[in-house]
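Report on the structure given below.
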Amino acid sequence: MVDQAVKGSEKREMGKSELVRLSSPYRNVLLELGQRLVDARILNEQIDVFQCTFTELISILREDWDGKELRTIVEDRIEQQKLWAAMEAPDIIIDDAPQVTPSQVSISLDGNVVGIGIGAAAGKASGIARLINHPSEGQRLNVGDVLVASTTDPGWTPLFIKASAIIVESGGYLSHGAIVAREYGIPAVINVPNAMNTITDGMQVLVDGDEGKVFVV
């Protein structure tokens, strides 16, 4: 049963990676279209094309629509995303109502322990905690830093090469962060409630992947 789980998790990660690889040509086409829409003064920036639906883009290409309102539509969508990004996601949702589980960290701190979770990748490592909200902030992560994130997916994998250890707020033994950390041989503590708020950026921490704890050094 364990062997089947291991093989299944490997295929799951491989499937995600292949999906990203196959998406690359489409991304290049969209970026070219985005630049042309900028040149036509329909969009403000090239990357705004990713805020558009395929229906909107195809209607412009077919000349069924001049796209004059598209800039305003995109600006509204960007503002809405900023509002959503500022919201704190609930742990679970039951009957359309968010349910927030009281942070285990706040009631479990003992001495220099700043986080308690699941030891998903064995070993111990210390370094400067670097809170990363999105892979695009990867330049802030220096070699030997401890990567702290809310969650990770294949887009985060290049950051693991620099990190000495991983701390993630969500996930379990078969989550992306746990699997990649084990593959790279770096300690990881996963499912650490409120880690992004409890741990301060620049804090010197020790990650204990054996005990599933994070300590201030």
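Residue 100 in full-length UniProt numbering sits at position 100 of the sequence shown, with consecutive numbering throughout.
Where is the CB? At the ideal position from N, CA and C, for every residue including glycine.
- DSSP places Arg140 within a helical segment (H, G or I) once states are collapsed to three.
- Rounded to whole angstroms, the separation of the alpha carbons of Glu13 and Ala125 is 25 Å.
- Under DSSP, Pro98 shares a beta bridge with Ile93.
- In this structure, the beta-carbon distance from Ala149 to Gly202 does not fall below 8 Å.
- Per the C-alpha coordinates, the member of Ala121, Val217, Val216, Leu147 positioned closest to Ile186 is Ala121.
- Within its own chain, no residue has a Cβ closer than 6 Å to the Cβ of Asn28 once the five positions on either side in sequence are excluded.
- Sequence-distant partners of Asp48 (beyond 5 residues in either direction) whose C-beta falls short of 6 Å from its own C-beta, in its chain, are Val74.
- Residue environment: Gly15 is assigned as exposed (fewer than 16 neighbouring CB atoms within 10 Å of its CB, all protein chains considered).
- In the three-state reduction of the DSSP assignment, Ile166 falls in the strand class.
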